[in-house]
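A.B. asks: Just passing along the structure, written as structure tokens.
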Amino acid sequence: MSRLHQSRRKNGSGDDNARRKSYNYPVQIGSTNVLLRWNYTLLPGQSLLMTTFTINDGTGQDDIGSVIRGPTGTPYNKYKDLYSIYSTSQFSNLTINKVTEQENATFQCKLQVGSNVWAYNIRVEVTGKNSF
């Protein structure tokens, strides 16, 4: 994988199991259809085998869902009404249907390309007050 195209602020970090990069993204509470997008470029001959999306709220990481030779995946039951996921050989999307305090978390897109794994994080920073 040669490049990750990303418009978020960089907070790079390393990991033994995956090459990982992180970005911060402020989002207003109550916002709808918020798109988190990871853009990347595969090298000639590489193919995307699986994309896994996770959420980490600081107390633990949980799988949202996977796309296997996509492009469309279905989030696991716990998350099916909260998010939608999509992945191609050029980009992956996770859409937050409606932002709540739960989305004040780190979302990860993990790509399996052959025997290599790359993980990219977007830290969603929920702003504003809860009006519920």
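Numbering-wise, the working numbering comes out as the position in the sequence shown, counting from 1, plus 957. All C-beta atoms, glycine included, are put in the ideal place defined by N, C-alpha and C. Because the structure is a prediction, the values reported are computed rather than measured.
#1: What is the C-beta distance between tyrosine 997 and arginine 1080, in whole angstroms, given that I count them as a contact (C-beta under 8 angstroms)?
#2: By how many angstroms is the C-alpha of valine 1070 removed from the C-alpha of aspartate 1001?
#3: Quick check on the DSSP output: the beta strand (DSSP E) that includes arginine 1026 runs from which residue to which?
#4: Where DSSP assigns a beta bridge to threonine 1052, which residues make up the other side?
#5: Measure the Cβ-Cβ separation of serine 1023 and threonine 1009 and say whether it is below 9 angstroms.
#6: Are the beta-carbon atoms belonging to isoleucine 986 and phenylalanine 1064 less than 9 angstroms from one another?
#7: Give the straight-line distance between the Cα atoms of arginine 960 and glutamate 1058, rounded to the nearest whole angstrom.
C.D. replies: Straight from the coordinates:
#1: As a first step, residue 997 is located in the sequence shown; it is residue number 40 there, counting from the start. As a first step, residue 1080 is located in the sequence shown; it is residue number 123 there, counting from the start. Not a contact, Cβ separation roughly 18 angstroms.
#2: For the purposes of this step, residue 1001 is taken as the residue at position 44 of the sequence shown. For the purposes of this step, residue 1070 is taken as the residue at position 113 of the sequence shown. Contrary to the premise, residue 1001 reads as proline rather than aspartate in this sequence. The straight-line gap from Cα to Cα measures roughly 12 angstroms.
#3: For the purposes of this step, residue 1026 is taken as the residue at position 69 of the sequence shown. From DSSP, arginine 1026 is part of no beta strand (DSSP E); its letter is neither H nor E.
#4: Taking the first residue of the sequence shown as position 1, residue 1052 is located at position 95. Answer is Leu992 and Ser1041.
#5: Sequence index remark: in the sequence shown, residue 1023 carries index 66 (1-based). Sequence index remark: in the sequence shown, residue 1009 carries index 52 (1-based). In this structure, the beta-carbon distance from serine 1023 to threonine 1009 falls below 9 angstroms.
#6: In the sequence shown, the residue the question calls residue 986 occupies position 29. In the sequence shown, the residue the question calls residue 1064 occupies position 107. Contact: no.
#7: Locating residue 960 in the sequence shown gives position 3, where the first residue counts as 1. Locating residue 1058 in the sequence shown gives position 101, where the first residue counts as 1. In this predicted model, arginine 960 has a pLDDT of only 40, less than 50, meaning its place in the structure is not dependable; the value taken from the coordinates is given anyway. Using only the alpha carbons, I get a separation of about 32 angstroms.
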